[in-house]
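Everything below concerns the one structure shown next.
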Ligand SMILES: N[C@@H](CCC(=O)N[C@@H](CS)C(=O)NCC(=O)O)C(=O)O
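Here is the structure:
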């Protein structure tokens, strides 16, 4: 298996952390995203969405999208779990990952691409600068909501760390450098993020 990836950016980092959590030894192929290698026709054959990470299986099958890659890891290497060991746990993990994606990841990413990252992204995708501020606010609303629901919990799924926690960590850790920080009053969320930050898998990707 080969993982097309890059260092220092959130979606590839999520998959790297999952890989280290599960002690999978994958070949990492670094994609020069700054130079747009991921948008070249040779890469679009692999992932028509033009993004990384991308997992290529030994038979040539391509899997992109962070959630699909992690679910694949879980199928081939269930222990330690990042989704869950029984149906209801897996359903809960998927529910929280989807919520994190919709409430935080998508708006944070759009706020960046349409806002301070506009000059870079407008050469790659259609940007909507007028939406940047609203997306930033929407992501902040998502963080406040998550802070409330995390009260009294260790992770999104109670005492089970699942991939939604990793997604939340990687996005907040990256986008805080772009003017989208977790406000200090969000103590429940901060507590969860701090505990994720200490994991060896996360430190390896820092
Ligand atoms: N929904 C995708 C998002 C992937 C994504 O946004 N990747 C970013 C890196 S964090 C990327 O490839 N950026 C470069 C570009 O869009 O040209 C997933 O889950 O994998």
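In the working numbering, the protein residues as written are 630 to 835. Even for Gly, the Cβ is constructed at its ideal location relative to N, Cα and C.
Pairs of beta-carbons, one from the segment 768-779 and one from the segment 814-825, closer than 8 Å: are there three or more? yes
Apart from the five residues on each side of it in sequence, which residues of its chain come closer than 6 Å, Cβ to Cβ, to residue 639? Translated into the one-based positions of the chain shown, residue 639 becomes position 10. Hits under 6 Å: 799, 800 and 803.
Output yes or no for whether 9 Å exceeds the beta carbon distance between residue 696 and residue 707. By one-based count along the chain shown, residue 696 stands at place 67. By one-based count along the chain shown, residue 707 stands at place 78. It is not a contact, given that the beta carbons lie outside the stated cut-off.
Report yes if the C-beta of residue 638 is less than 8 Å from at least one heavy atom of ligand 1; otherwise report no. The sequence position of residue 638 within the chain shown is 9, counting from 1. Because some heavy atom of ligand 1 lies under 8 Å away, the Cβ of residue 638 counts as near it: yes.
Exposed or buried, what is residue 669 when buried is set at 16 or more other beta-carbons lying within 10 Å of its beta-carbon? Residue mapping note: residue 669 aligns to position 40 of the chain shown, counting from 1. Label assigned to residue 669: exposed.
Only counting runs of 3 or more residues, tell me where the beta strand (DSSP E) segments fall wholly within the segment 639-663, in order along the chain. 656-659
Are there any heavy atoms of ligand 3 lying less than 8 Å away from the beta-carbon of residue 821, as far as the coordinates show? Within the structure as shown, ligand 3 is missing, the only ligands being ligand 1.
For residue 825, is the classification buried or exposed, using 16 other Cβ atoms within 10 angstroms of its Cβ as the cut-off for buried? Position 196 of the chain shown holds residue 825. It counts as buried.
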